[in-house]
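One structure below.
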């Protein structure tokens, strides 16, 4: 089996030349790449979300494109359009920035629904439609989107159908005091941004997925994944039925079957990155919040009680029995 920790380390070391800290986020991004999934990054401005994704694209050696989402953005600005050529007397396809291996959708919730729908097709089908014709996107293909959790004026909240298509929703936090001190030290010593070098390739990434697919998942762990996901639905159903019985209504809806698939595949990817040859319940627990926090719908009652999706998911995690044998 190929060495997952070594592949992870060389990418993280290269990214670390430009991005200080965010080690846990970087690892999750690598997991998403191996699991062939998209990622939604949420965090305050200035936390290097854009730099992180751009550095990942450079280190991975794939084509990177950044799309700044704005209210006046059109679907054709993302996917492309048909342009008439007077010289040839015919229309030619002009491909948009979506035709890249790694696409950064910056501030994704600032674009209207019609643009989000165009991105949705690309994320789900890995193809786009231009002038009535379908065009396959390059392989590998990933969307990594960012959004700001505090500035909600002039934004278009992502519909559940779109957020469900992200493998992970990652919360990007502030750096530690030591990491912030290192940033200031680097700022004083470096006159220009460090030039990163490719240390992997899209072809290598695709080949490595075979090793991820070989990670063993026992029937007990599969049942554990199902119990966790169905636990969110049970909580939503209980909330629905007990709204007048003194119990707090916490969830409007639970996680879809995509959540089970996300835990299964992302869990295998993380296990391989850590050098394991099987998926353990502890690994499933580690990615549980990242894989499900955007797949459950909180009620007004839960929000009034200042309960986050993570807190409710923690309840599900604590009440679900862990299999003894893996």
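In the working numbering, the protein residues as written are 1353 to 1678.
Backbone N, C-alpha and C define an ideal beta-carbon position, used for all residues, glycine too.
State yes or no: is the C-beta of residue 1631 within less than 7 Å of the C-beta of residue 1623? Along the chain shown, read from residue 1 onward, the residue named residue 1631 stands at position 279. Along the chain shown, read from residue 1 onward, the residue named residue 1623 stands at position 271. Their beta carbons are under 7 Å apart, which means residue 1631 touches residue 1623 by this criterion.
If we ignore side chains and look at the alpha-carbon of each, how far apart do residue 1657 and residue 1382 end up? Here residue 1657 corresponds to residue number 305 of the chain shown, with the count starting at 1. Here residue 1382 corresponds to residue number 30 of the chain shown, with the count starting at 1. When rounded, the distance between both Cα atoms is 35 Å.
Beta-carbon separation of residue 1524 and residue 1447 under 7 Å? Taking the first residue of the chain shown as 1, we reach residue 1524 at position 172. Taking the first residue of the chain shown as 1, we reach residue 1447 at position 95. Contact: no.
Could you give the DSSP three-state label for residue 1418: helix, strand or coil? As a first step, residue 1418 must be located in the chain shown, where it is residue number 66. Strand.
Own chain, CB closer than 7 Å to residue 1612, minus 5 neighbours either side, in chain order: Taking the chain shown and counting its residues from 1, the one referred to as residue 1612 is at position 260. Result list for residue 1612: 1577, 1578 and 1581, in chain order.
For residue 1393, the first and last residue of its enclosing beta strand (DSSP E): One-based indexing of the chain shown puts residue 1393 at position 41. That run of the beta strand (DSSP E) goes 1390-1395.
Validate contact between the region 1494-1504 and the region 1457-1474 using beta carbons, cut 8 Å, 3 pairs: yes
Considering Cα atoms alone, identify which of 1372, 1478, 1605 and 1634 is closest to residue 1645. As a position in the chain shown, residue 1645 is number 293, starting the count at 1. The shortest Cα separation from residue 1645 among 1372, 1478, 1605 and 1634 belongs to 1605.
So, are the CB atoms of residue 1456 and residue 1396 less than 7 Å apart? Indexing the chain shown from 1 puts residue 1456 at position 104. Indexing the chain shown from 1 puts residue 1396 at position 44. The answer is no: Cβ separation not under 7 Å.
Delimiting residues of the alpha helix (DSSP H) encompassing residue 1642: Here residue 1642 refers to the residue found at position 290 of the chain shown. Run containing residue 1642: 1633-1644, per the alpha helix (DSSP H) assignment.
Taking the alpha carbon of residue 1492 as the point to measure from, which residue in 1664, 1469 and 1389 has its own alpha carbon closest? Indexing the chain shown from 1 puts residue 1492 at position 140. Nearest of 1664, 1469 and 1389 to residue 1492, Cα basis: 1389.
Determine the extent of the beta strand (DSSP E) in which residue 1479 is found, giving its start and end residues. Along the chain shown, one-based indexing puts residue 1479 at 127. Residue 1479 -> beta strand (DSSP E) spans 1479-1482.
With 16 other CB atoms within 10 Å as the buried threshold, where does residue 1639 fall? Walking along the chain shown from the start, residue 1639 turns up at place 287. Label assigned to residue 1639: buried.
Could you give the distance in angstroms between the alpha-carbon of residue 1635 and the alpha-carbon of residue 1424? One-based indexing of the chain shown puts residue 1635 at position 283. One-based indexing of the chain shown puts residue 1424 at position 72. Looking at the two C-alpha atoms, the distance is approximately 42 Å.
Using the DSSP secondary-structure output, state which residues sit across from residue 1520 in a beta bridge. As a working mapping, residue 1520 is identified with position 168 in the chain shown. Per DSSP, 1391.
Identify which residue in 1570, 1375, 1653 and 1437 has its Cα closest to the Cα of residue 1408. For the purposes of this step, residue 1408 is taken as residue 56 along the chain shown, with counting starting at 1. Out of 1570, 1375, 1653 and 1437, 1375 has the C-alpha closest to the C-alpha of residue 1408.
Mapping DSSP to helix, strand and coil, what is residue 1549? Against the chain shown, residue 1549 aligns to sequence position 197. Reduced to three states, the DSSP call for residue 1549 is coil.
Residues near residue 1371 by beta carbon distance below 8 Å, same chain, minus five either side: Here residue 1371 refers to the residue found at position 19 of the chain shown. Only 1378, 1400, 1403, 1404 and 1407 meet the Cβ criterion.
What residue range does the alpha helix (DSSP H) around residue 1667 cover? Here residue 1667 refers to the residue found at position 315 of the chain shown. Unbroken alpha helix (DSSP H) run through residue 1667: 1661-1671.
Would you kindly report the start and end of the unbroken alpha helix (DSSP H) that includes residue 1361? Along the chain shown, one-based indexing puts residue 1361 at 9. Its alpha helix (DSSP H) spans residues 1356-1367.
As a quick exercise: from 1432, 1410 and 1667, pick the residue whose alpha carbon is nearest that of residue 1489. Numbered from 1 along the chain shown, position 137 holds the residue referred to as residue 1489. Minimum Cα distance to residue 1489 is reached at 1432.
Can you tell me whether residue 1373 is buried or exposed, with buried defined as 16 or more other CB within 10 angstroms of its CB? Position 21 of the chain shown, counted from the start, is the residue given in the question as residue 1373. Buried, since its Cβ has 16 or more Cβ neighbours within 10 Å.
Span of the alpha helix (DSSP H) holding residue 1617? The residue you call residue 1617 lines up with position 265 of the chain shown. From DSSP, the alpha helix (DSSP H) with residue 1617 extends over 1609-1625.
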